[in-house]
Amino acid sequence: MSLDRTKLPATLYTAEQSRALDRTAIEQFGIPGFKLMQRAGHAAFVVLQERWSDLERLTLLCGGGNNGGDGFVMAVLAKTRGIDVQVICLGDDGFADRLRGEALEAWRWMLEQNIEVE
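Written out as structure tokens, the structure reads:
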């Protein structure tokens with residue numbers, strides 16, 4: 063699936079506006095938060111592959127919030143396409159213990175795929 067950039071909104075959203083859009087999608091349209099995260103990770107991965115179509119190795123730097131969760135999703139997508147994946151988590155030894163919600167769900171999904179995490 064190719065990302066059609068001509069159909070993307072030209073407006074940039076603040077973090078609060080993005081959270082409001084997510085809440086609307088979840089509460090009014092019944093789209094699970096993890097599904098939204100998977101869509102975001104997939105869209106980012108598509109752009110990555112468009113830029114580097116011959117990608118063989120990918121290192122992702124992930125924080126403990128939902129953007130980190132998007133990175134975990136990208137890691138799974140890359141591995142399923144045969145790309146060697148490494149995830150570096152920014153934080154201390156208690157990193158995984160502080161994950162919540164969809165980011166935690168993405169973390170668990172990633173670990174099930176035996177992806178290397180540092």
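Residue numbers for the sequence shown, in the numbering used here: 63 to 180.
Built from N, CA and C at the ideal position, the CB exists for glycine as well.
- When DSSP reads this structure, Glu178 sits in a beta bridge with Gln148.
- Taking C-beta atoms under 8 Å as the contact rule, Ala106 and Asp132 qualify, at a distance of about 6 Å.
- From the listed residues Phe96, Glu164, Arg160 and Val149, the smallest Cα separation to Asn176 is found for Val149.
- Residue pairing for Leu110: DSSP places it in no beta bridge.
- In this structure, the straight-line span from the alpha carbon of Ala140 to that of Tyr75 is close to 27 Å.
- The alpha-carbon separation between Arg85 and Met99 amounts to approximately 13 Å.
- Per DSSP, the beta-bridge partners of Leu122 are Val149.
- Residues of the same chain with a CB within less than 7 Å of the CB of Gly103, apart from the 5 flanking positions on each side, are Asp132, Val135, Met136 and Leu139 in chain order.
- In this structure, the beta-carbon distance from Gly125 to Arg160 does not fall below 7 Å.
- Separation of Val108 and Thr142 (C-alpha to C-alpha, rounded to the nearest whole angstrom) is 13 Å.
- In the three-state DSSP reduction, Arg160 falls in the helix class (H, G or I).
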